[in-house]
Structures are given as C-alpha cells and as structure tokens.
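Those protein sequences? They're chains A and B, same order as listed. With the UniProt record's numbering, the residue at position 150 of the first sequence is 150, and numbering never jumps. With the UniProt record's numbering, the residue at position 189 of the second sequence is 189, and numbering never jumps. Virtual Cβ for every residue (Gly too), placed ideally from N, Cα, C. Before any comments, here is the structure.
Number of protein chains: 2
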Amino acid sequence: MVTIKDIAKATGVSPSTVSRVIADNSRISEETKAKVRKAMEDLGYFPNLTARNLAVKSTKTIGVILPSSADKSLQNPFFSEILRGIGSVTHKLQYSMMLSSGQTEEEIYAEVQRIVLGSYVDGIILLYSRLNDRVTQFLVEKDFPFVIVGKPQEVNDRTTYVDNDNIQAGEDITSHLIETGHNRIAFIGGAKDLVVTIDRMQGYTNALKKADIPILEEYLIHTEFLKSGGKEAVEKILRLPERPDAVVVSDDLISIGVIGMLEESGLSVPEDISLVSFNNAYLSEIIHPALTTIDIQIYKLGVESAKAIIEKKIGIDDPKRIIIPHYIIYRDSVKRKS
Amino acid sequence: MVTIKDIAKATGVSPSTVSRVIADNSRISEETKAKVRKAMEDLGYFPNLTARNLAVKSTKTIGVILPSSADKSLQNPFFSEILRGIGSVTHKLQYSMMLSSGQTEEEIYAEVQRIVLGSYVDGIILLYSRLNDRVTQFLVEKDFPFVIVGKPQEVNDRTTYVDNDNIQAGEDITSHLIETGHNRIAFIGGAKDLVVTIDRMQGYTNALKKADIPILEEYLIHTEFLKSGGKEAVEKILRLPERPDAVVVSDDLISIGVIGMLEESGLSVPEDISLVSFNNAYLSEIIHPALTTIDIQIYKLGVESAKAIIEKKIGIDDPKRIIIPHYIIYRDSVKRKS
DNA sequence: CTGTTAGCGCATTCAA
DNA sequence: TTGAATGCGCTAACAG
C-alpha cells in the first residue's frame, strides 16, 4: 500500500504537506500541489479511509437500521426504494451507508450498540418505529444523532423524524371515494399497532365524519399481510347486509391481495367495488386494475431523512418534524357513481 | 470517550493487557481478566472499531453493490430479500455491511474505487452482472476479493459467483406445462440482455425441443417491466392464429403485469391460459390466481454469497461456482389439460 | 502471565 | 508556504 509518506518521499516534501494538498489547503503553493498530485497519480495513491477516520474522529458514514427480519414488512418494496433515496444523498455528500439488520429486536440492539459505541457511524436512520423501542431509548440516552422514518409512537419532541401526514392522506383518499359517490366504505389495514395504519385509519374516519357517514365497526378490518386470515375477513365483510361499495386499503401490497380475494369471491374492481390504496409502489401501476393510490414519495422520505442527519447535525436541542407531501394518483380502481 | 488507556490506568495494568482481555487471550490470568472486565463495565468502555481496524488492517465489513439506480430492477423485492440473506451472515460473523449504490455506472465505479482503494471493506458482493463491466474489471485487476450474485457474462473462471441453474429451472417449469397438457407455450421475459433472462429462455427452448414442440419466433416476447409496450405485445400474441395455451414468465413482478393485461383482454388465468413464473416473491402467493412459480431461494443466494467472501477468503486462485437449488411451487395458475 | 515499544496512515498544532 | 512533532485508539512483536 502506498501511503502519504511514500508520496512525500517521492516529492521531497513532508507528509504534512501531502496531507494538506489532499485537503486542498489554500496555503500550499500551486506548484507544490501540482507536483504532489502528479506523484499521487504516478504512484497510485489513495487515502486510507480508516486512518483518516481515526484522525478526524468521524467516519462520514451513517447507519441505516432495518426492522427485525421477523417483520414481514421487509418484503415490501418500500425498503428498496427508501434505500435508494438515502443512498442518493449519502453518495452525493461523499458519505457511506452502513446497513444493519437482525433477526430479533435483541440482535438489532446489539448491532446498534456496536456501531454507535464503536464510533463506526456518525448518525443513524431508523427505518421503523416501534413502541417502547430499546434502540430508540439507547440513542436518546447517548444523545446520539438519529432520525426516524415514520412517526415515533411517543412524540417526545426530543426526536427528529420524517414522515407523511398520513392522517391527512387517509382523509384525502377517503374523501375522493365519497366525492365519487360512495358511501359504504370499508377500511382494510395492516397490523393495528403500526402508527402508519392507525394514522391512515384516523384519516378515514375523519373523512367519514365530515360527510356524516356513520362509522361501522364491521367495516374496519385489520390483517397481517393477508391471505390466510384475510380471505375470510373480506368474505365476511362482503356478506354484510350492507355490502361496502368501496374500500380503503392501507398498502399497495395488501391491495393486491384484496383484489385477488374479491375476485375469488366473484367481485370485480371497480365495477362491483371501488378500491383506493397507499404508497404507489411500482406494482400499483402494473396490476389490473391499475390502482388509484396515494403517492407518499418513498424516495423522498429517504432523501430527507439522509439530509437530516448529514446536513444539519441533528441533536436533541433541535428536533425536527419533516413532513413529505403526498398526492393522489388517479387510476382505474375507482368507479365514479354520481 | 473512554479508551483502553483509561481502563488500564483504572486497573493498574498496561494497555496491552487490556487489549488482550478484549481479545480473550488465553495467556491472561482469569483474575486480571475479571478485574479488567469489571473496570470496562464500570467505566462503560467500548472498543473503537476504527482504531482497531487501522491496527489490524482489516475492517470486517463487506461492501454490497447495487445496480445503478437507473436500473428498474431495483424495484424488485429481490433486493430486500437478498440483503436480508447477506445481513444474516454478516451479522452472525460480526461483520458489517456497507451498501453502495449510484445513479450511473460511473458513480458506482467511483464508489467502489473509493471503498476498495480506501481499504474500507474486506470484500465486495456485486448484486448485478453486466457485460463489460468496469467495476468487475477493476476488481479483477486489483485482485480484490469479490463475488457476483448471478452469472457473470464472461465466465472467465477467474471470478466466483453464486447463482441458480436458471437454464434447468426454465426447463423444469416449462416441462411442467408440457406435462399438464399444454403445447402452445409462449415466453415473456425482461430485458433481453440480462443473463438471467437468457438462461431461463434457454431452458424454455430446451424443454420445447425435448418435447418436439416447435419454437415459434412470435411466441418470444421481451418487455422492460411492461405496462406500456408490454400490453400491445401481449395483445398481439393473443391474436395469433395459434393462440398460446400457456405462458412462461421470467419474473413474478412481470407475471402480475401479464395477468393484468390478459384480464384486460378478457382472458383469465388459468382458465383460458396457464401461467408459470420465477422467483416466488411474496406477491406470487397473494395475487389471484396464486402463482405456480420457481422458488429460487433469494435469501439463500444472499447467505451463500456472504459466506463466500467472508468464510473462505476468495481469491483468484480458487474461484467457485455456487449453485443454489431451485424448486417448483405448485399453486393455482396452471390448469391441467390432460 | 504481563509490560514496553513501536506503528497502523493520516491530520493538525506549533514553529519556522 | 512548509516541516517537525504529536496523537487518534488499538494491536502486536519483543522482552521479561
């Protein structure tokens, strides 16, 4: 390996001078800069990141923590997309991106501890938000810079997060259904302890209330990424005396399952029942019918979260709430009834 | 920050002794070990990874390179899944996982150069394989340990890779169609310059030949993750005098699009036309009809690739071909006709 | 079984 | 504008 010393020797300057031209220090003459740079080129020099990190006490890498593998949500294209968003800014800003996962919550905790206490990252992005999360607590305790993608359960205004306004989004998309003449609207969500599900359902009920449509308990169905239990649940809903004429589904992936189940039950979307959804995953465009869905700008969620920890040094002192705008993508899963 | 010196001082031993108990060196008495460990506990000591890395000249982290963001394939759940697989072994073996991406091929190249030349990673996993890839060439030149997931275009037996036997898989699934009584079988693939597509189509033609079924040019259709051009292409195929009674689709995601398009054309799967697919993404189970598809064990692809660079120190001297077995998942998208 | 010394490769303070 | 010296935190001979 060719080090700073080698090129110093070759150029006849001191190592510190070389170090300075690497940093493009203004107090170095252009001619020595040129001379040194040529030597670097010739000898094939490349700065050792580890050594630099040790010297400057910063790694210019941020850790990205995935939910535990047990979490089914990991199958969601959401993650590829947000990783792309994060990667785009880490790359541009010359940062690296360290990915951490684990089978269990325990493993993840150990992992985070390792990279944080081991000074292996300068900041952390949490790609999940769980209630009473040890990781979050640890980060807060250590006063370590981190940002959560999604809304933290306990908004203790000591944590920065980037999220959509899912309540508003839920209301918007439900209102669209109402405006197009639907009034028996069901809601199908994922795990009911996820904040995102709760928020979207909240928006759903808000819209119903504003339109003076009664909220029926039997129209609220939760399903863990369906297929098994989901099927019967949907069948049940469809056998109600007042069968829904529309359904709000909290995730595109679930929508695909729902459409499949409806078809099995002999119902087609949107002729027999309209459907709206969230996320605007690639799939929502491809499936038949193409989904009318809320684009939550996943990529941007990633971008903003990365910017948050990198550009502004997140600290307990200046927590931020970054809300990414959403908008409705109108496609073919809603039938105008009036 | 509490360092090795601090706890040395506190315990009255030398820094090297402390270092040794960290490494659990056998030549340190149990009592000093205990004493030192207690001090570490009390003072909240945690080894600085960067410093250690510099000293031992190894980072215990492996770089994972995603295809350029331009690549549509990034939307594929494939990546989350393989990342999970890789992560499971890096985690278990106490390694870290550095994720690199970039908008363009150029960016990726710069990134790889940075982490390799900067000694930031001990090995590289390439999550793509492109023809005449600068990155691959660079890695080979530098004699840097790396492994490719998927089959390298030019199998120069100097590179280690982990892949499925996609030719065999293509033949297997096509044969299943033939055995169930189909004989007008079309093939729908993604970009035709992807090795995986080529291999699967090869298997498809192999199966046809073995069954003495003629291979029709007009039954071969390629589509870049359809919707736009894909629709008409499928419609065209359906209008042929000899309409196919089955179709082999090279990716679950594409299958979803295909099913959608068939429906739009008034055809249903598997009643009017059978469909088989590849990957066994989560979706293939959820959609209606549930897909008969090849499980390529994505997770395992990740696991094996990680094991390859970590456990055995990959080198030019011992390239390996690791083939992950595949198997057919029988579900509801194929109609038995005989 | 443990301490001393040196060094990993780079950045930075202090002089000059 | 440049050089010498020191240190980042840890590991690894080499002694003892």
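| request: May I ask you to list the residues that DSSP assigns as paired with Arg-321 (chain B)? | output: B:Tyr-161
| task | Out of B:Gly-190, B:Pro-270, B:Gly-85 and B:Ala-246, point me to the one whose CA is closest to Arg-184 (chain B)'s CA. | result | B:Ala-246
| Do you know offhand how far Ile-237 (chain A)'s Cα is from Ile-294 (chain A)'s? | 24 Å
| query | Given Ile-316 (chain B), which residues of its chain have a CB within under 8 Å of its CB, disregarding the five upstream and five downstream residues? | reply | Bear in mind that a pLDDT of 48 at Ile-316 (chain B), under 50, signals an unreliable position, so the number given afterwards is only what the model happens to contain. Cβ neighbours of Ile-316 (chain B) beyond the five flanking positions: Val-140, Asp-143 and Arg-158.
| said: Can you tell me whether Tyr-330 (chain A) is buried or exposed? The criterion is at least 16 other CB atoms within 10 Å of its CB, across all chains shown. | reply: exposed
| Any beta-carbon of chain B closer than 8 Å to the one on Arg-37 (chain A)? | no
| Beta-carbon neighbours of Arg-134 (chain B), restricted to chain A and to distances below 9 Å | Per Cβ cutoff of 9 Å: no residues; Arg-134 (chain B) is ~17 Å from chain A at best.
| message | Assess contact between the segment 130 to 137 of chain B and the segment 103 to 110 of chain B, defined as three or more Cβ pairs (one per stretch) separated by less than 8 Å. Is contact present? | response | yes
| Where do the N-terminal and C-terminal ends of the alpha helix (DSSP H) with Val-276 (chain B) fall, by residue? | Here Val-276 (chain B) belongs to no alpha helix (DSSP H); instead the beta strand (DSSP E) covers 274 to 279.
| field | Cβ-Cβ separation, Arg-130 (chain A) to Ala-169 (chain A) (assumed contact under 8 Å), whole Å | value | In fact, because the Cβ distance is near 21 Å, the residues do not count as touching under 8 Å.
| message | If you follow the beta strand (DSSP E) that Met-98 (chain A) is in, where does it begin and where does it stop? | response | 96 to 100
| request: Go through its chain and collect everything with a Cβ distance to Tyr-327 (chain B)'s Cβ below 8 Å, but skip five positions before and after it. | output: Ile-294 and Asp-295
| said: Using a Cβ-Cβ distance cut-off of 8 Å, determine whether Ile-7 (chain B) contacts chain A. | reply: no
| said: Using a Cβ-Cβ cutoff of less than 7 Å, which residues in the same chain neighbour Val-196 (chain A) once the five nearest sequence positions on both sides are dropped? | reply: Gly-150 and Asn-166
| field | Contact under 8 Å by Cβ, Asn-48 (chain B) with Ser-119 (chain A) | value | yes
| Smallest Cα separation from Val-303 (chain A): which of A:Glu-263, A:Ser-88 and A:Ser-274? | A:Ser-88
| said: At the level of alpha carbons, what is the spacing between Ile-178 (chain A) and Val-249 (chain B)? | reply: 39 Å
| message | Closest to Ile-188 (chain A) by C-alpha separation, out of A:Ser-274, A:Thr-104, A:Leu-83 and A:Asn-164, would be which residue? | response | A:Ser-274
| Candidates B:Thr-180, B:Lys-192 and B:Glu-217, of which the one nearest Ala-211 (chain B) by Cα | B:Thr-180
| Extent of the continuous beta strand (DSSP E) run through Ala-186 (chain B) | 185 to 189
| request: Indicate whether at least one CB of chain B lies closer than 8 Å to the CB of residue 341 (chain A). | output: Any question about residue 341 (chain A) goes unanswered here, given that chain A covers just 1 to 338.
| said: Going by DSSP in three states, Val-135 (chain A) sits in which element: helix, strand or coil? | reply: helix
| For Thr-104 (chain A), is the classification buried or exposed, using 16 other Cβ atoms within 10 angstroms of its Cβ as the cut-off for buried? | exposed
| Among B:Asp-193, B:Gly-85, B:Glu-171 and B:Tyr-204, which has the Cα closest to the Cα of Ala-186 (chain B)? | B:Tyr-204
| task | Mind checking which residues open and close the beta strand (DSSP E) that includes Val-247 (chain A)? | result | 246 to 249
| field | Same chain, Cβ closer than 6 Å to Lys-35 (chain B), neighbours up to 5 away in sequence not counted | value | Thr-11
| said: Check this for me: beta carbons of Met-98 (chain B) and Thr-50 (chain B), under 8 Å apart or not? | reply: no
| message | Determine, for Asn-280 (chain B), whether the minimum Cβ-Cβ distance to residues of chain A falls below 8 Å. | response | no
| said: Spatial neighbours of Ser-175 (chain A) within its chain, please: C-beta separation below 8 Å, excluding the five flanking residues on both sides. | reply: Ala-207, Lys-210 and Ala-211
| message | Which residues of the UniProt domain "HTH lacI-type" (2 to 56) of chain A have a Cβ closer than 7 Å to any Cβ of chain B? Give them in chain order. | response | Phe-46, Pro-47, Asn-48, Leu-49, Thr-50, Ala-51, Asn-53 and Leu-54
| message | Rounded to whole angstroms, what is the Cα-Cα separation between Thr-3 (chain A) and Ser-19 (chain A)? | response | 10 Å
| message | Using CA atoms only, rank isn't needed, just tell me which of B:Lys-5, B:Ile-310 and B:Asp-332 is closest to Val-276 (chain B). | response | B:Asp-332
| message | Does the CB of Gln-297 (chain B) have a neighbour CB from chain A at under 8 Å? | response | no
| request: Identify which residue in A:Lys-33, A:Arg-37, A:Pro-270 and A:Asp-6 has its Cα closest to the Cα of Val-334 (chain A). | output: A:Pro-270
| request: Please compile the residues from chain A whose C-beta is within a distance smaller than 8 Å of the C-beta of His-288 (chain B). | output: Ile-259, Gly-260, Met-261, Glu-263 and Glu-264
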